[in-house]
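Numbering (this note's numbering), first residue to last: 320 to 575. Ideal Cβ positions, reconstructed from N, Cα and C, are used throughout, including at glycine.
Now the structure itself:
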């Protein structure tokens with residue numbers, strides 16, 4: 320299939336190009352610093368103060384993972400074009416495979432408070448990547464991981480769930496079944512299926528919103544698309560609590 324046959328891939332490519340144009344020439348603050356013992360040396364720090372120099376993969380990873388920049392937003396703007404490209408390609412290498420860690424880096428930069436000419440391209444990138452993960456058979460990163468990143472980066476589930484509802488094709492249905500299978504264990508144990516690290520994000524609200532959506536829109540969709548019966552039952556069990564849940568004949572025997 321040609322690129323022209325994949326509007327989601329075209330949109331994502333345009334979003335990545337827009338990030339490159341928007342943040343071209345950006346640098347870290349001239350006085351930015353970090354610990355030589357735990358982050359890197361002065362030569363590496365100097366690269367962040369030079370615009371448009373591609374960073375080695377390990378340096379890029381250490382840069383977006385670091386939590387102690389004095390101006391994280393400036394550092395983030397410096398690396399965003401390369402960072403976004405690496406994310407989409409599945410080469411970000413977060414700790415323990417938790418891609419929401421990259422969303423935490425975006426949240427720390429408070430990108431939603433940037434001027435619209437900067438925040439807009441970031442928002443469009445996240446939305447374009449999310450749609451691509453739902454609709455492109457060649458998407459590299461699993462949709463449930465992209466979802467967690469977008470949730471952590473934005474602090475809300477609403478726009479991402481709304482987009483999932485708009486995407487009604489077979490592949491988006493398959494991604495829903497895959498995500499539900501990934502999530503059900505933690506949700507049945509009253510936990511969110513990903514880590515919420517940014518202190519302004521409300522993990523319990525996110526969990527409640529996700530459960531409500533799964534019991535409503537998702538449950539009907541899983542049924543209509545022919546998802547496995549045991550998965551449908553596990554989602555149904557989210558509507559029960561405590562003993563009613565654990566004594567249901569379809570309880571999967573999870574231990575916590």
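Contact belief for residue i with residue j at Cβ below 8 Å, rounded distance in angstroms
i           : j           : result
residue 446 : residue 341 : Contact doesn't hold; Cβ gap of about 15 Å is too wide.
residue 327 : residue 455 : 5 Å
residue 463 : residue 501 : 5 Å
residue 338 : residue 440 : 5 Å
residue 512 : residue 523 : Not really, about 13 Å apart at Cβ, beyond 8 Å.
C-beta contact flag for residue i and residue j at 8 Å
i           : j           : result
residue 408 : residue 418 : no
residue 388 : residue 353 : yes
residue 371 : residue 343 : yes
residue 474 : residue 519 : yes
residue 495 : residue 541 : yes
residue 533 : residue 499 : yes
Contacts around residue i, its chain only, beta-carbon distance under 6 Å, and the 5 residues preceding and following it disregarded
i           : result
residue 555 : none
residue 466 : 479
residue 393 : 347 and 348
residue 380 : 412
residue 427 : 391
Close-in-space but distant-in-sequence residues of the same chain around residue i (CB under 7 Å, 5 per side omitted)
i           : result
residue 514 : 417 and 419
residue 469 : 422, 445, 449 and 479
residue 320 : Confidence at residue 320 is low in this model, with a pLDDT of 46, below 50, so its placement is unreliable and no value can be given for it.
Distance cut-off 7 Å: residue i Cβ against heavy atoms of the ligand FMN
i           : result
residue 362 : Although the ligand FMN was asked about, the structure shown includes no ligands whatsoever.
Residues near residue i by beta carbon distance below 8 Å, same chain, minus five either side
i           : result
residue 507 : 553, 556, 557, 564, 571 and 573
residue 482 : 446, 449, 450 and 453
residue 486 : 450, 453 and 454
Through-space distance from residue j to residue i, alpha-carbon basis
i           : j           : result
residue 355 : residue 425 : 23 Å
residue 510 : residue 526 : 7 Å
residue 549 : residue 569 : 8 Å
residue 365 : residue 357 : 16 Å
residue 309 : residue 567 : For the chain, the structure presents residues 320 to 575; residue 309 sits outside this window and is missing.
residue 369 : residue 433 : 21 Å
residue 472 : residue 517 : 9 Å
residue 402 : residue 373 : 10 Å
residue 362 : residue 386 : 20 Å
residue 398 : residue 491 : 31 Å
residue 415 : residue 562 : 33 Å
Scan the region 474 to 507 and note each continuous alpha helix (DSSP H) run of 4 residues or more that stays entirely inside, going in chain order. 477 to 485 and 489 to 507
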